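To start, the structure itself, in structure tokens.
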Amino acid sequence: MADDSPASHRRDPIKSSVGNVAAQRRRQNAVTVGKERRESLVRAKRLCRVGPSGDGDVPGEENDMVTDEEGFLLDAQTSSAVEDLKSAIAYQGKGAMQKRVNALRELRRLLSKSEFPPVEAALKAGAIPLLVQCLSFGSPDEQLLEAAWCLTNIAAGKPEETKALLPALPLLIAHLGEKSSLPVAEQCAWALGNVAGEGEELRNVLLSQGALPPLARMMLPNKGSTVRTAAWALSNLIKGPDPKAATELIKVDGLLDAILRHLRKSDEELATEVAWVVVYLSALSNFATGVLVKSDAILLLVERLATSNSLQLLIPVLRSLGNLVAGDSHTTSTVLIPGHEITDGVIKVLVKCLKSDHRVLKKEASWVLSNIAAGSIEHKQLIYSSEAVPLLLRLLSTAHFDIRKEVAYVLGNLCVTPTGGDGKPNLIEEHLVSLVQRGCLSGFIDLVRSADIEAARLGLQFMELVLRGMPNGDGPKLVEQEDGIDAMERYQFHENEDLRNMANGLVDKYFGENYGIDE
Amino acid sequence: MAMVVDYKHDSSFPYWTSIRRRFAPDSPFFSSGNIERELLAKQVALDFTEDERNQLEKMIDTDARGVFCPIVGCGARLTLLEDFEDHYNTRHTASCSVCSRVYPTSRLLSIHVSEAHDSFFQAKVARGYAMYECLVEGCDLKFKNYKCRQQHLVDKHKFPTSFEFFKKAHPSKKQRLKIQRKRAVNKKDEEVPSKMEVENEMMEGLVSAVSKLSTSDSSPSTVSFGRRNARGLTFVPQSIQPPLQKK
Numbered sequence: 001m002a003d004d005s006p007a008s009h010r011r012d013p014i015k016s017s018v019g020n021v022a023a024q025r026r027r028q029n030a031v032t033v034g035k036e037r038r039e040s041l042v043r044a045k046r047l048c049r050v051g052p053s054g055d056g057d058v059p060g061e062e063n064d065m066v067t068d069e070e071g072f073l074l075d076a077q078t079s080s081a082v083e084d085l086k087s088a089i090a091y092q093g094k095g096a097m098q099k100r101v102n103a104l105r106e107l108r109r110l111l112s113k114s115e116f117p118p119v120e121a122a123l124k125a126g127a128i129p130l131l132v133q134c135l136s137f138g139s140p141d142e143q144l145l146e147a148a149w150c151l152t153n154i155a156a157g158k159p160e161e162t163k164a165l166l167p168a169l170p171l172l173i174a175h176l177g178e179k180s181s182l183p184v185a186e187q188c189a190w191a192l193g194n195v196a197g198e199g200e201e202l203r204n205v206l207l208s209q210g211a212l213p214p215l216a217r218m219m220l221p222n223k224g225s226t227v228r229t230a231a232w233a234l235s236n237l238i239k240g241p242d243p244k245a246a247t248e249l250i251k252v253d254g255l256l257d258a259i260l261r262h263l264r265k266s267d268e269e270l271a272t273e274v275a276w277v278v279v280y281l282s283a284l285s286n287f288a289t290g291v292l293v294k295s296d297a298i299l300l301l302v303e304r305l306a307t308s309n310s311l312q313l314l315i316p317v318l319r320s321l322g323n324l325v326a327g328d329s330h331t332t333s334t335v336l337i338p339g340h341e342i343t344d345g346v347i348k349v350l351v352k353c354l355k356s357d358h359r360v361l362k363k364e365a366s367w368v369l370s371n372i373a374a375g376s377i378e379h380k381q382l383i384y385s386s387e388a389v390p391l392l393l394r395l396l397s398t399a400h401f402d403i404r405k406e407v408a409y410v411l412g413n414l415c416v417t418p419t420g421g422d423g424k425p426n427l428i429e430e431h432l433v434s435l436v437q438r439g440c441l442s443g444f445i446d447l448v449r450s451a452d453i454e455a456a457r458l459g460l461q462f463m464e465l466v467l468r469g470m471p472n473g474d475g476p477k478l479v480e481q482e483d484g485i486d487a488m489e490r491y492q493f494h495e496n497e498d499l500r501n502m503a504n505g506l507v508d509k510y511f512g513e514n515y516g517i518d519e
Numbered sequence: 001m002a003m004v005v006d007y008k009h010d011s012s013f014p015y016w017t018s019i020r021r022r023f024a025p026d027s028p029f030f031s032s033g034n035i036e037r038e039l040l041a042k043q044v045a046l047d048f049t050e051d052e053r054n055q056l057e058k059m060i061d062t063d064a065r066g067v068f069c070p071i072v073g074c075g076a077r078l079t080l081l082e083d084f085e086d087h088y089n090t091r092h093t094a095s096c097s098v099c100s101r102v103y104p105t106s107r108l109l110s111i112h113v114s115e116a117h118d119s120f121f122q123a124k125v126a127r128g129y130a131m132y133e134c135l136v137e138g139c140d141l142k143f144k145n146y147k148c149r150q151q152h153l154v155d156k157h158k159f160p161t162s163f164e165f166f167k168k169a170h171p172s173k174k175q176r177l178k179i180q181r182k183r184a185v186n187k188k189d190e191e192v193p194s195k196m197e198v199e200n201e202m203m204e205g206l207v208s209a210v211s212k213l214s215t216s217d218s219s220p221s222t223v224s225f226g227r228r229n230a231r232g233l234t235f236v237p238q239s240i241q242p243p244l245q246k247k
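Protein sequence lines correspond, in order, to chains A and B.
So in UniProt numbering, spot 112 of the first sequence is number 112, and the numbers just go up one at a time.
So in UniProt numbering, spot 194 of the second sequence is number 194, and the numbers just go up one at a time.
Below you can see the structure in the form of structure tokens.
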């Protein structure tokens, strides 16, 4: 919205404007098979290539993928840079500070060059204790910044490398405080975010060392790249699986307000990271979910879903909404009341997601709909008569498997009444008949044919509804027409006993000896 | 002792119930969205296009989504869930060239062929040999009649009581009417009995089945695919005539 602080724009990794050949090579390398490479791409850690004042190499200007030779050279340079840093720290004379900063800068540059920086070499040469020394209280900002930047990138790679930061953690946390300059605090938050992204063990260490409150406070200002980095670091810090951190976070004074404010007004990049915080709050902490449901959060999430087209933003916003619906029966029973404007709004944005081109959005939107369809009869009627159904029917026959499974849940949920006490739910004949007439049966039978146990189960359960619930005994005929008998007979030699029993039971009951005789 | 579950009372079918489903943040359900998040975040930095990102996603997906074939005794690893249908059609649809029944393994098919279309097999049964082998690979037990084998499957291998190796085929409407008419009229055997009837009658009794097995299909058929089971497919020379046909 309003102009961000000067730092924020330049914080964004600059798009490379290199010539074609180098760019092509980089792209090819990025997409190359190579499990380690793929793993590194999906890590929850982020390398820092550009600093707060815009310095730093333009990513990719140099070779991103170094050859073996170049790798050796880089390692050698790194070792010597660490040596330089060592002597710079030891040096007591005139210009000592500048010497230290220069040495740090050199090391930082080497650690920011490629996608796989020479971290191992740096660690072997003993970088950590030196960097910890550079973080001591009272050090000049530039020194703190460069040291934290080096640590950030050391922590951005393999697990053992991230773990090497342990001695530095208390100092990094300390420099998150209000007394620190913003760029320094931000860089420390980034380093801590990488550490938190490593795993549960390190998260617990950080939490026990008190990392959460200062990071939370960094989210309170209205804007700035610091807010964004802090939000990202927090999302890594609270992701559990222990819900304690999430519950602690929502209780921080002013945090809920800040979240709502950012969801309402902030630019998409910041809103994205804040939305991820909401994702983890709502997935892990029942307390946080309750607080969020009672606030304006759902309205704001719906608003973002309606107005944004950024996939990066839509994913966490949709998921937050989904978590709030899934996590608390209150959501569907007291907030999303059929007939209220907010409920119509939710259906509308879910329909928008179903129409999108993105697999994740279609799948997770279907999941949210399935949970709403698990509500009251009025909820089922609302969805049944909405724009969602034709879209869902089409997705059931054409979409990717993941999506089809979720769609199956929605459609099936529309056909049964809410589960009462006796456990045998009744059919909603009108919905069942209409959906079957519109051709959904073959989609369910396809699920029966799949090797996925859950999907097969769904398919068989829906077939049972059809066999039992279609009027005039039409069920068996319809199932036979779609090769349903064949699909069920596959289960005779299936290794899953439950599915075998289900399928055999249906065949015996509805296609027994007397099937079709009395016509 | 295996619990006998009677599906005719359908008290144990797990009916569709609509319930809310919640997932933990590290659930596999969310993993594709999480991957998308990280790739998008790095996309700008690494400057790859949406196509390249999709390609990457596909590869990451493939790593994670292999599945094993669930047909008993198969264990084949399928790289992608989508491969299952092709795999099934290639490996698990061994069809009998005599009666078109389909079996999921060639072993089961050849057992079927022996039991249903081989008069040599029936001759041995009539003489009291234990010819009906257990369907579970590796069990190797043999039984004197179909029902004993069936009971063994239920007792020892937990097959459901409703399981029928020799499942009645599901005739088309035309066939069903034909059967109905035939039942209304006296059994006269004017024409060559249909394959359906041959099999129905076999269920009733073995000795009578042997004599009724007078169709030209009684010599073992050649298996139309895959591995040959040497045991069940001995060729019956022309000179050994099937028992006299009742007129």
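From the three backbone atoms N, C-alpha and C, an ideal C-beta is built for every residue, glycine too.
Bear in mind the structure is a predicted one, so any value in this text is a computation, not a measurement.
Per DSSP, the bridge partner or partners of B/Y146
DSSP output for B/Y146 lists no bridge partner at all.
Nearest-angstrom Cα separation, counted from A/G327 out to B/A24
Each residue's Cα considered, the two are about 10 Å apart.
Is there a Cβ of chain A sitting closer than 8 Å to that of B/P28, yes or no?
Not one chain A Cβ lies under 8 Å of B/P28.
Beta carbon of A/V82 nearer than 8 Å to that of A/G51:
No.
Please report the distance separating the alpha-carbon of A/Y510 from that of A/S442.
If you take the alpha carbons of A/Y510 and A/S442, they lie about 18 Å apart.
A/K239 at chain B interface by Cβ criterion, 8 Å:
Output row for A/K239: interface = yes.
Taking 8 Å as the threshold (C-beta atoms), are A/L260 and A/R304 in contact?
Taking the C-beta atoms as reference points, A/L260 is found no nearer than 8 Å to A/R304.
Can you tell me where the alpha helix (DSSP H) with A/D452 in it begins and where it stops?
Secondary structure note for A/D452: it is in no alpha helix (DSSP H), with a DSSP letter that is neither H nor E.
For A/V416, the residue or residues it bridges with in DSSP:
DSSP lists A/L427 as partners of A/V416.
Please report the straight-line C-alpha distance between A/T375 and A/V279, rounded to a whole angstrom.
Residue 375 of chain A is actually Gly in this sequence, not Thr. Here the alpha carbon of A/G375 sits roughly 22 Å from the alpha carbon of A/V279.
Under 8 Å, do residue 248 of chain B and B/T93 count as touching if we go by C-beta distance?
A question about residue 248 of chain B goes unanswered here, because the residues of chain B that appear run from 1 up to 247.
With a floor of 4 residues, list each alpha helix (DSSP H) that falls wholly inside the segment 272-328 of chain A, ordered by position along the chain.
For the segment 272-328 of chain A, whole alpha helix (DSSP H) runs of length 4 or above, ordered along the chain, are 286-294, 297-307 and 311-327.
By the 10 Å Cβ neighbour count, where 16 or more other Cβ atoms means buried, how is A/T307 classified, buried or exposed?
The residue is exposed, with fewer than 16 neighbouring Cβ atoms inside 10 Å.
Taking a contact to mean a Cβ-Cβ separation below 8 Å, would you say A/A487 touches A/R449 in this structure?
Yes, these two residues count as a Cβ contact at 8 Å.
In angstroms with no decimal places, state the Cα-to-Cα distance between A/K239 and A/E161.
So the alpha carbons of these two residues sit roughly 21 Å apart.
Are any of the Cβ atoms in chain C nearer than 8 Å to that of B/C69?
Looking at the structure shown, chain C is missing, and the protein chains on hand are A and B.
Would you kindly check if the distance between the Cβ of A/M97 and the Cβ of residue 528 of chain A is under 8 Å?
The structure shown does not extend to residue 528 of chain A, since chain A is modelled only from 1 through 519, so no value can be given for it.
Does the count of Cβ pairs from the segment 263-276 of chain A and the segment 224-239 of chain A closer than 8 Å reach three?
Segment contact: the segment 263-276 of chain A against the segment 224-239 of chain A, three or more CB-CB distances shorter than 8 Å; contact assigned.
Three-state secondary structure assigned by DSSP to B/R77:
Collapsing the DSSP output to three states places B/R77 in a strand.
Going by the beta-carbon positions, is the gap between A/L432 and A/L465 smaller than 8 Å?
With contacts defined as CB atoms closer than 8 Å, A/L432 and A/L465 qualify as a contacting pair.
Quick one: what does DSSP say A/H330 is sitting in, helix, strand or coil?
In the three-state reduction of the DSSP assignment, A/H330 falls in the helix class.
So is B/S32 in contact with chain A if we call contact Cβ pairs under 8 Å?
Contact with chain A is found for B/S32, since one of that chain's Cβ atoms lies less than 8 Å from the residue's Cβ.
In the DSSP assignment, the alpha helix (DSSP H) including A/P213 goes from what residue to what residue?
L212 to R217 is the extent of the alpha helix (DSSP H) around A/P213.
Locate the alpha helix (DSSP H) running through A/D68, then write down its first and last residues.
Where A/D68 is concerned, the enclosing alpha helix (DSSP H) stretches over D68 to A90.
Pull up the distance between the alpha-carbon of B/D6 and that of B/K144, whole angstroms please.
Since pLDDT at B/D6 reaches only 33, below the 50 mark, its modelled position is unreliable, and no value is offered.
Would you say B/K58 touches the ligand FAD, meaning its beta carbon is less than 7 Å from a heavy atom?
Annotation note on the ligand FAD: not contained in the displayed structure, which lists no ligands.
Is B/D86 close to chain A? Criterion is C-beta to C-beta, closer than 8 Å.
Closer than 8 Å to the CB of B/D86 there is not a single CB belonging to chain A.
Does the pairing of the segment 330-342 of chain A with the segment 353-362 of chain A give three or more beta-carbon distances under 8 Å?
No, the segment 330-342 of chain A does not touch the segment 353-362 of chain A.
List the residues of chain A whose Cβ lies closer than 7 Å to the Cβ of B/A24, in chain order.
In chain order: P241 and A283.
Please report the distance separating the alpha-carbon of A/R203 from that of A/V42.
One C-alpha to the other measures close to 18 Å.
Residues that B/T17 contacts on chain A, provided the C-beta gap is smaller than 8 Å
Result: V416, T419, G423 and P425.
For A/G254, which of A/P221, A/N236 and A/L270 has the nearest alpha-carbon?
In terms of CA proximity to A/G254, A/P221 leads the group A/P221, A/N236 and A/L270.
Can you tell me whether A/V50 is helix, strand or coil according to DSSP?
The DSSP-derived three-state label of A/V50 is coil.
Euclidean distance between Cα positions of A/I485 and A/L270:
Each residue's Cα considered, the two are about 53 Å apart.
Return the CA-CA distance between A/K477 and A/G469, expressed in angstroms with no decimal places.
Straight through space, the alpha carbons of A/G469 and A/K477 are spaced by roughly 13 Å.
If you count every other CB in all the chains shown that lies within 10 Å of the CB of A/A246, and 16 or more means buried, which is it?
That one is buried.
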